[in-house]
Amino acid sequence: MGLGHRVACATKQKLGIDDGYDALEITPELGERLYSELPERKSISVQPNKDGGGPKDAIDLLTAVHNPSAGPHSFELQYVNGLVGFQWVMATETAQKQMQRQLETFYPDAHIDVSEHDQPTLLPLEEGRYVAGAYLRLRKREDGRHLYPIKHMDIEGFENDPYGSITAEMIGEREIDCQTDLAVQTIFEPASNNWWKGGLLAPSIDDIADELKSPRKDEGFKHAIKKELFPEKFEIVGEERDPSNKDKQAANTVREQRGEKGFRLNLRIVGVSDDPQMAIQRVAETAQQFDAYYESKTEQGFEVVPLYDKNLIRELERAYGRTRADRTLVMGVRGAAGLIHIPNDDINTQDVDWSLTSHAGDVPANAPRFSEYHDAEVVPWEKESRSFDLEGSDQWQYDIPATWIPPEEYDDWEVGQTDEQDADVDSEGVGA
């Protein structure tokens, strides 16, 4: 894509007359540049089972693997070749083995596979296609406060798993011939155990909760003019007011995070398509579905940051390298679990790469049971009917040779004697 186009796109975005998205053509140079960022780690792919999983199990899973010294891990929803899949790329080999054990514990019916190869890709980058992207940040960023939670399963209103709408938009319209691959990547790095205490210049969870329970009324325009004209006489401090029910609920929602394990997060959406506009459209539509995490009491949610030009390349390098940018986005484990979990059939997405493994082992859950072949109408048990020499036996559902010899046929038969030896004995007339 030419320099003139990139400059025009950047100018429009800065002037607020464009959405700020751009799609870069994948050249051999760009592909090599991004692939060179891939970490030397093995990925863990998970085929979820429809009967297990969901955000609740993810709370225990993330708590179990919380190690502040491990580094940034990556959880990825991928839509490639017509299927939605789930992939983990952990920061270290030790963390990878621990995650594998915990996944087997909390998702026993899922199929869990560790890649044989290092350097797991995010999406395939084929020359001549186009790549677009965006990242998400929290809306309440202006005052530097980042301890308001997004909606999660323990907050009223989180009845439906947001993955349902997210994966639906990743799949898009089936009638469209243009192939687009999508990835939603969540980088999560365990925070220190006292993350909720704030810092020297940052308020704690208790500070924010106390302020929510002691709200102040904003001063009007007239008072602001007086403050401007007579600064020594007037201060814009606002008047205290009685907290509303919403204020009290918001304070409780914030304070409930006290003592939780926490994670520092990055969220990215990447799309690769045959058409540049389709790559942009699919990324934008998928990113929009994160509105489902909006928490009305604290007025907290995500906003989408479209990417273009150098910002897009830099974020793609981070995405393929599984690195985290410091955007002061930190969450308690319950909020993080809503973003990082293995779903079940609550999401009702048919193109998920579901596992058919039963709880008992690697037998497909929808496979016919052997007991079905014990029905006399299917496989009679009479000797003549069981013989694999029976004419037409190759059309049976099961060909079962005789395994029982009547006592009257035991004459002159010895233990260990083979069928061929038995046939020779019969041909010589012995035992007839």
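Quick note on the numbering used here: the sequence shown kicks off at 4 and runs consecutively.
The beta carbon of each residue, even a glycine, is placed where N, CA and C say it ideally should be.
Residue interval of the beta strand (DSSP E) (run including residue i)
i	result
Lys251	Element bounds for Lys251: not the beta strand (DSSP E) but the alpha helix (DSSP H), 248 to 258.
Arg140	133 to 141
Backbone secondary structure at residue i - three-state DSSP
i	result
Gln280	helix
Trp357	coil
Phe89	strand
Val308	strand
Gly74	coil
Asp294	helix
Ala212	helix
Ser48	strand
Tyr24	coil
Gly434	Confidence in Gly434 is poor, its pLDDT being 42 and thus under 50, which makes the residue's placement too unreliable to answer from.
Gln188	strand
Glu96	helix
Gln105	helix
Val68	coil
Asn163	coil
Tyr263	Checking the displayed sequence, the identity of residue 263 turns out to be Glu instead of Tyr. Glu263: coil per DSSP, three-state reduction.
Ala363	Model confidence at Ala363 stands at a pLDDT of 41, short of 50, so the residue's coordinates are unreliable; what they give is reported in the following sentence. Reduced to three states, the DSSP call for Ala363 is coil.
Glu288	helix
Leu232	helix
Asn84	coil
Ile179	coil
Ile62	helix
Leu41	coil
Leu270	strand
Nearest to residue i (by Cα), restricted to the options the options
i	options	result
Thr95	Tyr82, Gly74, Gln103, Pro111	Gly74
Gly265	Arg325, Gly335, Leu204, Phe161	Gly335
Arg140	Leu64, Val308, Pro279, Asp164	Val308
Val275	Arg267, Val286, Asn269, Leu268	Val286
Arg142	Thr301, Arg337, Glu318	Thr301
Pro127	Tyr297, Tyr38, Thr289	Tyr38
Glu129	His344, Glu32, Phe161, Arg258	Glu32
Gln50	Ala26, Leu64, Leu80	Leu80
Asp319	Ser195, Ile208, Gln188	The sequence given here has Leu at residue 319, not Asp. For Leu319, the nearest C-alpha among the options comes from Gln188.
Pro42	Ala98, Ser217, Gln122	Gln122
Val333	Asn197, Arg104, Gln292, Asp213	Asn197
Asp25	Ala135, Val83, Trp91	Ala135
Gln291	Glu298, Phe305, Met281	Phe305
Ile179	Arg44, Thr30, Met281, Arg104	Met281
Lys100	Asn84, Ser195, Ser118, Asp210	Ser118
Tyr296	Gln252, Glu35, Pro152	Pro152
Cut-off 6 Å between Cβ atoms - residues of its own chain near residue i, not counting five sequence neighbours on either side
i	result
Asp60	Phe109
His76	Met93, Ala94, Phe191
Asn52	Asp112, Ala113, Ser358
Val87	Thr170, Asp354, Val355
Asn70	Pro193
Ser207	Lys200, Gly201
Pro218	Arg244, Pro246, Asp250
Ala212	Ala254, Val257, Arg258
Gly324	Glu40
Sequence-distant residues of the same chain with beta carbon closer than 7 Å to residue i, five excluded per side
i	result
Glu107	Ile115
Arg321	Ala328
Tyr166	Pro346, Ile350
Thr289	Ile169, Glu172, Met173, Leu185, Val187, Ile272
Met436	This structure gives no information on residue 436, because the portion of the chain shown stretches from 4 to 435.
Arg36	none
Leu315	Asp25, Leu27, Gly136
Ser195	Pro71
Opening and closing residue of the alpha helix (DSSP H) in which residue i lies
i	result
Ala194	Taken as a continuous stretch (DSSP letters only), Ala194 belongs to no alpha helix (DSSP H), as it is neither H nor E.
Ile115	Taken as a continuous stretch (DSSP letters only), Ile115 belongs to no alpha helix (DSSP H), being part of the beta strand (DSSP E) at 114 to 121.
Pro31	31 to 38
Leu125	Here Leu125 belongs to no alpha helix (DSSP H), and DSSP marks it neither H nor E.
Ile169	166 to 174
Close beta carbons around residue i, own chain, < 8 Å, minus the five adjacent residues each side
i	result
Leu65	Phe191, Lys264, Phe266, Val336, Ala339, Ala340, Ile343
Asp3	Past the edges of the chain, shown from 4 to 435, lies residue 3, and the structure says nothing about it.
Ile29	Leu128, Glu129, Glu130, Gly131, Arg132, Tyr133, Val134, Val275
Gln447	Because the chain in this structure spans residues 4 to 435, residue 447 falls outside the shown range and cannot be described.
Arg261	Trp199, Ile208, Asp209
In chain order, each beta strand (DSSP E) run of at least 3 residues that lies wholly inside the region 317 to 354 = 333 to 335
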